[in-house]
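Chains as they are written, first to last, in our numbering: chain A, 168 to 495; chain B, 3 to 558; chain C, 1270 to 1561.
First up is the structure itself, then whatever we jot down about it.
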Amino acid sequence: MKIKFKIRRYNPVDTEASEPYIQAYMCEVPEGMTVLEALLKIADEQDPTLSFRKSCRSAICGSCAVSINGFSKLACNTQVIPEFKKAGEMLIEPLANHTPLKDLIVDFVPFWRKMEKVSPYLTPAEGESAPAVTPEDEERVDRSQRCIMCGCCNAECNSLAIDENFIAPAALAKAWRIVGDVREGNARRRLHRLSEEHGMWDCVRCVHCTQYCPKDVAPLKAIEELRSSAMKEGITDNPGAKHVEAMRDSVERFGRLDEAAMTFKTLGFLRSLGMIPFGLRMEKHGKLPRPHIFAQIEELDEVKKIYEESERRAKEEKRELASRKKGW
Amino acid sequence: MVIHDIVIIGGGLAGMRAAIEASRAGLDAAIVSKIYPVRSHSVAAQGGINAALKDTDSWENHAFDTVKGSDYLGDQDAIELLCKEAPFDIMELEKMGAIFSRDPEGRIAQRPFGGAGYPRTCYLADRTGHALLHVMYEQLVKHEVVLYDEWHVVKVVVEDGTARGVIALELSTGKLHRLHSKAVLIATGGYGRVFRTTTNALSSTGDGMGLALDAGAELMDMEFVQFHPTVLKRTGILMTEGCRGEGGYLLNSKGERFMSRYAPKVQELASRDVVSRAEQTEIEEGRGVDGCVLLDLRHLGADKINRKLPQIRSLAINFAGVDPVEKPIPVKPGAHYSMGGIRTDFDGATTVPGLYAAGECACVSVHGANRLGGNSLLEAIVFGRRAGIGVSNFSESNGLLPFPATALKEAAFEVADITKRDSGESPAALREEMAGVMEAHSGIFRDRTRLTDGLRKLRDIRERFKGVALTDRGDYYNNELLQVIELAQMLKISEAILLGAVEREESRGSHFRTDFPLRNDKDWMKHTLVSLKDGEMKLGYKAVTVTKFQPQERKY
Amino acid sequence: MVEVELRYAYYPGCASQEMTKEANETTRLVCQRLGIALHDMPKANCCGAGLLTDYDYQLYLALNARIFAEAEAMEMDIMTICSTCLMVMSTANRDLKADPKLLEKTNEILSTAGLRYNGTINVKQLLWVLAGDYGLDNLKKKVVKPLNWIKAAPFYGCHSLRPSDALGFDDPEKPWSLDAVIAALGGEAVQYKGKTKCCGFQVDLVAPETAEKMTAVRLLDGKEKGANAFVTPCPFCHINLDNYQGLAEKRVSQKISMPVFHLSQLVGLALGLTAEEMGLSRHLVSPEKILK
């Protein structure tokens, strides 16, 4: 089947066309052909100036992530015909949230810098021999270590699109690979650093990272693991963790969310005061949340029992892990 | 011009491992790689890495299996080193941060692999290379090794017989740079791309082997090309030996486990050369299925497949349209690994002072005529480490010698010679032609006629290559220029493979001559050496080192 | 024509019981008009809005399983208004259904409160009920005042689309349900890139700058493509797009003035309910000027 490939071309040093433009190529596509194979065919047979990264062509080296019909995918792992049939076109562009350099090649330097920022290597506790790794320990970090650093998650990350300093999902998945490793000796210090501004609490939970990860790393899951590890370590002196604590308390006390209390607890007294002028405007429309003295849910004691039991188990797990770490 | 103690070409497992060793020695090592290190093809190694870890196994057993697998062409002193040091390196990898898959008791699990008399292959599901490469990258970041990524080395600069550094093309600008160093280490991996059907990455173009030849070093045993028995038909994508290690069957069109006829004892777990030849025979004798045989995993069950071979399942689904839980996967042999490479000693030194090599591009030789599955990651780690120490020692005891003033100009002239041509053949078309010739003339079954015809055709392509012209006239990310530079090296490598193969009149390991179907230990217990003299390739030979294991007939 | 009787265990979500009361109230009115029976869940607790997932995964699972257990006792699937509730509950449900060991562990916790979840419940959202169970053709038949005045930017947001392996109703790359509902009501759906993206709600308090910029970018995107209103199936998205539009405007120093409808309000207006019944005065950005 002949398919029209619309490819975003860009060559800033081309004096005649230094702005991005779309170029169309007709390409004969047999059943099973991947987008990468099509790009290679186009480059070989029609236009050797077309630039894109590639290497393993089997979805493990992470080179060839591009935007296909608006979403980040590995070119080598995406078959042309089903994609074309679904989207109704075949538009190939450089990854979003990354600066294009030439055609489909983007600047990956910021990606690597973010990776480096989380100190992506194991630092076992000094002077202690590491605990033996059990199958469960392996399981805990297994998804995060499937990462091939292709950048699809960062390209889709809604928070990174707004704040380029956000540490972003790829590095956070790596951070969990290390923090979640039973042998790591500096998990606490790492969690402190990850709790800083532009860190893990700036994730907006848009779920794009997990949706578009070609290797099922589920970066959002890693972010949740990091956050909950930080909470359990008592690293709560930041708005993100306070927000969660406020939620935790609210649900335990009322069975539901108490927005007024959440705002107050998350922001603290002074910053809450700053919200007053805005709050007055909301009040006019009946939108200002009030502290709940009311309407708790029925059978609230069930919720309390669930809390008690869950927290008892969490403590037990934490103790067990700590004793394993010490015992070795 | 930048100056480093050591320049390492290639950022795969061996190159990074060496860089870490140099960094530990307090030296300033820089990695120059045409792709970012984590993109290197070590990432695609699936099945595992061998080491005798258990009391019931021993390094001697590992060494025997390796020697036998090599069809007695491997140097036994090198193999002893490899197998003795393996357990240390496995433990060190874990210390660095790798987590190998565990058995239920929490010990490192080991799976059976082809040609091995004991289940000694450590693994991380079916992503072992990926896990190790990423751990090595972590260490690279930790040691703050300098990286020149997306720089392609066009020349190892040698003056008065010693290596002085490299000239590299910065792909993003088209500029040539001088990197001046006390020593150079080549770790550029394999050349699978000289064949049409290959498991290798698009970037596996054997650059370093060509650079070494140009620099005056020798290539060794280049005629030994491993064809992996289980690759996907159209794309050549690898289906790990772990599939058979975990109990997978190979079936022909009649549904027979045909390996019982070729290797009655171990069937699918014979060594790779044996299995590939068996498959090719089945296919050529009409018992194939559309040019393939079938890799059947169904009896393993979805649970085991998902746990042990998850990547295989998704690769089969995405690239062959077959879910191995429900259907057997059509597979055939494909070019996979280069047993041969740059001749080195145990510490990575080539015959050129100051020039080192490690990993697949090197030939120590531990794989001889056929490599065992699980030994390539091991070689990259053990000899990457050893070469890292070797090159560090060299650069500590040798000063920085002057960088020849004309080297940059000469390299620039050579590049300009390519870029200035107005019209000529397309490099892509020529590359395809070369791959076709190698596939047809230098495949699993060889004979004098096929090989000499191949050599003639290849030399014709080499001549025509002098007239290729680029379409892309820019400097900025000129991928076509990179391809031409790669092609120049691939043509040399192809010639070295064919030359060695024509002359070796015996069948040994992966090199099977239908006109000389038997191994000939009397005349051919020797390594083939290839060197470049005045632009012409010269052959030479060197005796194989035998220590413990006298050659015997090889049966599986 | 045989009318299928639709009934659900109704889970409005916390936001719709307080800040965006109008979403809850209008959903009830609209469902009544359409003959969709909503049964209250007096015991239902908060799903955790993702925040409890950050606190403790097992607690989050157990609290959600408690909600499912109530629905199981009612023998009904759950319908929520809120996309975040939908995503949070669906993800818990996916995990519990996929892993019998996890379900058992969770049930051990529930048993301390005398409860058990058997894994039989599905969770839906008003949008899905309209576009799926109820059906667009049936919806069209109920329209008495077609919304020919609206050029609506359908704002799916995140949690009614992703993760698709837990939600599974719409296509996150080519979502159609909200577009189709707008069309069925006689309105025009404007196409713009941001329709599947995030409103920023989760970091309103944690990273206000990010949240406010994000809200502004979404609204401006739709506005540029010619929308005269936004419509969202999610009260949290509504809070950001409407309540906090003022903050977003301030952050980007640009007037946006984009009215934002809850899905239920749009349906209500098409069914002939009044602006007052639809609680439109509660919005911070008044939609008055575009109403007909």
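The C-beta atom is built at its ideal place from N, Cα and C for all residues, glycine as well.
(request) Grab the span of the alpha helix (DSSP H) containing residue 546 (chain B) for me, first residue to last. (result) Position 544 of the second sequence, counting from 1, holds the residue named residue 546 (chain B). From DSSP, residue 546 (chain B) is part of no alpha helix (DSSP H); its letter is neither H nor E.
(message) So that I know if they touch, is there some Cβ in chain C lying closer than 9 Å to that of residue 495 (chain A)?
(response) To locate residue 495 (chain A), count along the first sequence from 1; it is residue 328. Caution applies to residue 495 (chain A), whose pLDDT of 47 falls short of 50 and renders its modelled position unreliable; the model cannot decide the point.
(message) Would residue 329 (chain A) pass as an interface residue toward chain F - the criterion being a Cβ-Cβ separation below 9 Å?
(response) Protein chains A, B and C are contained in the structure displayed, whereas chain F is not.
(request) Assign residue 267 (chain A) to one of three DSSP states: helix, strand, or coil. (result) As a position in the first sequence, residue 267 (chain A) is number 100, starting the count at 1. Residue 267 (chain A) falls in the strand class under three-state DSSP.
(request) Please work out which residues of its chain come closer than 6 Å, Cβ to Cβ, to residue 373 (chain B), disregarding the five sequence neighbours upstream and downstream, and give them in chain order. (result) Position 371 of the second sequence, counted from the start, is the residue given in the question as residue 373 (chain B). If we look at residue 373 (chain B) and ignore the five residues flanking it on each side, its Cβ neighbours are 228, 339, 341.
(request) Using a Cβ-Cβ cut-off of 9 Å, state whether residue 335 (chain B) counts as contacting chain A. (result) Here residue 335 (chain B) refers to the residue found at position 333 of the second sequence. Closer than 9 Å: no.
(message) Would residue 1413 (chain C) and residue 1539 (chain C) be called neighbours here (beta carbons separated by less than 9 Å)?
(response) Locating residue 1413 (chain C) in the third sequence gives position 144, counting from the first residue. Locating residue 1539 (chain C) in the third sequence gives position 270, counting from the first residue. A contact, by the Cβ cut-off of 9 Å.
(message) Any contact between the segment 56-66 of chain B and the segment 233-243 of chain A? By contact I mean 3 or more CB pairs, one from each, below 8 Å.
(response) no
(message) Taking only three categories from DSSP, how would you classify residue 286 (chain B)?
(response) One-based indexing of the second sequence puts residue 286 (chain B) at position 284. Correct three-state label for residue 286 (chain B): helix.
(request) State the Cα-Cα distance for the pair residue 474 (chain B) and residue 197 (chain B), rounded to the nearest angstrom. (result) For the purposes of this step, residue 474 (chain B) is taken as the residue at position 472 of the second sequence. For the purposes of this step, residue 197 (chain B) is taken as the residue at position 195 of the second sequence. Cα to Cα, residue 474 (chain B) sits roughly 25 Å from residue 197 (chain B).
(message) With a threshold of 8 Å, are at least 3 pairs of Cβ atoms found where one atom belongs to the segment 401-419 of chain A and the other to the segment 361-378 of chain A?
(response) yes
(request) Along the alpha helix (DSSP H) that carries residue 484 (chain B), what are the first and last residues, could you check? (result) In the second sequence, counting from the first residue as 1, residue 484 (chain B) sits at position 482. Per DSSP, residue 484 (chain B) is one residue of the alpha helix (DSSP H) stretching across 481-505.
(request) Find the nearest neighbour of residue 277 (chain A) within the set A:402, A:197, A:331, A:421, judged by alpha-carbon distance. (result) As a working note, residue 277 (chain A) is residue 110 in the first sequence. Closest option to residue 277 (chain A), Cα to Cα, is A:331.
(message) Against chain B, does residue 335 (chain A) count as a neighbour if the rule is that its beta carbon must be under 9 Å from one of theirs?
(response) Here residue 335 (chain A) corresponds to residue number 168 of the first sequence, with the count starting at 1. With 9 Å as the cut-off, residue 335 (chain A) does not count as an interface residue toward chain B.
(request) Measure the C-alpha to C-alpha separation of residue 252 (chain B) and residue 70 (chain B) and round it to an integer number of angstroms. (result) Start at 1 with the first residue of the second sequence, and residue 252 (chain B) comes out as number 250. Start at 1 with the first residue of the second sequence, and residue 70 (chain B) comes out as number 68. Those two C-alpha atoms are separated by around 23 Å.
(request) Note down, in chain order, all residues in the segment 464-480 of chain B with a beta-carbon under 9 Å from any beta-carbon belonging to chain A. (result) 472, 473, 474, 475, 476, 477, 478, 479, 480
(request) Just the chain C side, please: which residues come within less than 7 Å of residue 407 (chain A) by C-beta, in chain order? (result) Here residue 407 (chain A) is taken as the residue at index 240 of the first sequence, counted from 1. Those within 7 Å of residue 407 (chain A) in chain C are 1475.
(message) Considering Cα atoms alone, identify which of B:121, B:188, B:439, B:304 is closest to residue 217 (chain B).
(response) Locating residue 217 (chain B) in the second sequence gives position 215, counting from the first residue. Sorting B:121, B:188, B:439, B:304 by C-alpha distance to the C-alpha of residue 217 (chain B) places B:188 at the top.
(message) Starting from residue 170 (chain A), trace the alpha helix (DSSP H) in both directions and tell me its first and last residue.
(response) What you label residue 170 (chain A) is simply residue 3 of the first sequence in a count that begins at 1. Not the alpha helix (DSSP H): residue 170 (chain A) falls in the beta strand (DSSP E), residues 169-176.
(request) Pull up the DSSP beta-bridge partners for residue 298 (chain B), would you. (result) By 1-based counting over the second sequence, the position of residue 298 (chain B) is 296. Note: residue 298 (chain B) sits in a beta bridge opposite B:251.
(request) Measure how close the beta-carbons of residue 1329 (chain C) and residue 1361 (chain C) come, nearest whole angstrom, since I'm counting them as under 8 Å. (result) Here residue 1329 (chain C) corresponds to residue number 60 of the third sequence, with the count starting at 1. Here residue 1361 (chain C) corresponds to residue number 92 of the third sequence, with the count starting at 1. Sure, about 7 Å apart at Cβ, within 8 Å.
(message) Which same chain residues end up closer than 8 Å to residue 219 (chain B) when comparing Cβ atoms and leaving out the 5 residues on each side of it in sequence?
(response) Residue numbering aside, residue 219 (chain B) sits at position 217 when the second sequence is read from its first letter. Here the set comprises 344, 345, 352, 353, 354, 357, 359, 533.
(request) Can you tell me which of B:264, B:113, B:23, B:224 puts its alpha carbon nearest to the alpha carbon of residue 138 (chain B)? (result) Counting from one through the second sequence, the residue named residue 138 (chain B) turns up at place 136. Selected option, being the one with the closest Cα: B:23.
(message) For a contact defined as C-beta to C-beta under 7 Å, what are the partners of residue 89 (chain B) on chain A?
(response) Numbered from 1 along the second sequence, position 87 holds the residue referred to as residue 89 (chain B). Chain A residues near residue 89 (chain B): none, gap ~16 Å exceeds 7 Å.
(request) Starting from the beta carbon of residue 368 (chain A), find every residue of chain C whose beta carbon is closer than 8 Å, and list them in chain order. (result) Translated into the one-based positions of the first sequence, residue 368 (chain A) becomes position 201. Residues of chain C passing the Cβ test: 1472, 1475, 1476.
(message) Let me confirm a value: residue 323 (chain B) is counted as buried when at least 16 other C-beta atoms fall within 10 Å, else exposed. Which label applies?
(response) Indexing the second sequence from 1 puts residue 323 (chain B) at position 321. Per the 10 Å Cβ criterion, exposed.
(request) Determine the burial state of residue 1271 (chain C): buried for a count of at least 16 other Cβ atoms within 10 Å of its Cβ, exposed for fewer. (result) Taking the third sequence and counting its residues from 1, one reaches residue 1271 (chain C) at position 2. Interpretation of residue 1271 (chain C) is limited by its pLDDT of 45, a score under 50 that renders its predicted location unreliable; the figure taken from the coordinates is listed afterwards. It is exposed - the Cβ of residue 1271 (chain C) has fewer than 16 other Cβ atoms within 10 Å.
(request) Take residue 88 (chain B) as the anchor and find which of B:122, B:72, B:116 has the nearest alpha-carbon. (result) As a first step, residue 88 (chain B) is located in the second sequence; it is residue number 86 there, counting from the start. Considering only alpha carbons, the answer is B:122.
(message) Less than 9 Å between CB atoms is the rule here; does residue 193 (chain B) satisfy it with respect to chain A?
(response) Residue numbering aside, residue 193 (chain B) sits at position 191 when the second sequence is read from its first letter. It does not; no Cβ of chain A falls within 9 Å.
(request) Taking only runs that begin and end inside the segment 291-337 of chain B, name each unbroken beta strand (DSSP E) of 3 or more residues, in chain order. (result) 295-298
(request) Report yes if the CB atom of residue 1339 (chain C) is closer than 9 Å to the CB atom of residue 1312 (chain C), and no otherwise. (result) Here residue 1339 (chain C) refers to the residue found at position 70 of the third sequence. Here residue 1312 (chain C) refers to the residue found at position 43 of the third sequence. Yes, these two residues count as a Cβ contact at 9 Å.
(message) Could you check whether residue 1486 (chain C) and residue 328 (chain A) sit closer than 9 Å to each other, using their CB atoms as the reference points?
(response) Your numbering for residue 328 (chain A) matches position 161 in the first sequence. Your numbering for residue 1486 (chain C) matches position 217 in the third sequence. A contact, by the Cβ cut-off of 9 Å.
(request) Kindly indicate which residue of B:173, B:43, B:12 has the alpha-carbon position closest to the one of residue 34 (chain B). (result) Taking the second sequence and counting its residues from 1, the one referred to as residue 34 (chain B) is at position 32. When only C-alpha atoms are compared, the closest one is B:12.
(request) Grab the span of the beta strand (DSSP E) containing residue 1309 (chain C) for me, first residue to last. (result) In the third sequence, counting from the first residue as 1, residue 1309 (chain C) sits at position 40. From DSSP, the beta strand (DSSP E) with residue 1309 (chain C) extends over 1305-1309.
(request) Flag this pair as yes or no: are the beta carbons of residue 229 (chain A) and residue 316 (chain A) separated by less than 9 Å? (result) Locating residue 229 (chain A) in the first sequence gives position 62, where the first residue counts as 1. Locating residue 316 (chain A) in the first sequence gives position 149, where the first residue counts as 1. Their beta carbons are under 9 Å apart, which means residue 229 (chain A) touches residue 316 (chain A) by this criterion.
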